[in-house]
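Let me begin by presenting the structure, written as structure tokens, before commenting on it.
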Amino acid sequence: MKHVFFILPICLLAISSNHVIAADFANGFYFGGNGGLADNSSVCEEIGSPVSPRNCEDQGFGWQIFAGWQFFKWIGIEGGWTNLGQTSHLEVTGTTLQSETEGLQVNVVATVPGLEKIGLYFKAGAFLWDLEVSQTDNLGNRQEISDKDVDYVLGAGLRYPLTESVGIGLEFQRFSDIGNSKTGSFDANLITAGLLFRF
């Protein structure tokens, strides 16, 4: 969470201090990166046995790198690599479970027309995820299980151009049905802020 609180004021300051030089983005290729809060809110209930809430760490730092192509001012495609952070929790038996999810996103991005500077957009697509779960008992014995699959992802965000080639953005994404019967299945949210570059 502290990463988000550090990044957001920078973005807001940039918006307020650069409104004079702000420029609209043109169509074409863009790339960038975001970082912020990864909230795997149901992972502790879905992976492993019942646990004490105070021993569950289901929030962490998540990030993504992405690239896309804006065909028109209102539609484009985007792909990138996303890491939903690590989770860790201690079961009542003394067993520690840790998990990490990352994978490839492919999305269609629709931008709301008519806004002068700020770009409000919505995205929907597929998340090709890879989930790794490790289990260590109180004797030090360790087991690992993993799973890969494809599920949907939805998102929305704001982008603001600082110059013709550099912008900042805020984004929320919802990832659904990560995992299976062996690893446990859960949903995750990713709230990020970052930079965007265009040619």
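Residue 55 is where the sequence shown starts when you use my numbering, and the numbers rise one by one after that. C-beta: ideal position from N, C-alpha, C; glycine also. Fair warning: this is a prediction, and the values are worked out from it, not measured in the lab.
**OP:** Reducing DSSP to helix, strand and coil, say where serine 153 ends up.
**Re:** As a first step, residue 153 must be located in the sequence shown, where it is residue number 99. Serine 153: strand per DSSP, three-state reduction.
For this session: Assign threonine 237 to one of two classes, buried (16 or more other C-beta atoms within 10 Å of its C-beta) or exposed (fewer than that).
Result: As a first step, residue 237 is located in the sequence shown; it is residue number 183 there, counting from the start. Residue environment analysis places threonine 237 among the buried positions, since at least 16 neighbouring C-beta atoms fall within 10 angstroms of its C-beta.
Assess contact between the segment 210-227 and the segment 191-201, defined as three or more Cβ pairs (one per stretch) separated by less than 8 Å. Is contact present?
They do not touch, by the three-pair rule.
| query | Who pairs with phenylalanine 253 in a beta bridge, going by DSSP? | reply | Locating residue 253 in the sequence shown gives position 199, counting from the first residue. According to DSSP, phenylalanine 253 bridges with nothing at all.
Can you tell me whether DSSP reads asparagine 234 as helix, strand or coil?
The residue labelled residue 234 in the question sits at position 180 within the sequence shown. Here DSSP, grouped into helix, strand and coil, assigns asparagine 234 to coil.
- For lysine 202 and threonine 165, believed in contact at Cβ under 8 Å, the rounded distance: Within the sequence shown, numbered from 1, the residue matching residue 165 stands at position 111. Within the sequence shown, numbered from 1, the residue matching residue 202 stands at position 148. For a cut-off of 8 Å, the C-beta gap from threonine 165 to lysine 202 is around 31 Å, too long to register as a contact.
Self-check item: Where lysine 177 falls: helix, strand or coil (DSSP)
Solution: Position 123 of the sequence shown holds residue 177. Note: lysine 177 maps to strand in three-state DSSP.
For phenylalanine 253 and leucine 212, I'd like the C-alpha separation in whole angstroms. Reading the sequence shown from its first residue, position 199 is the one you call residue 253. Reading the sequence shown from its first residue, position 158 is the one you call residue 212. When rounded, the distance between both Cα atoms is 19 Å.
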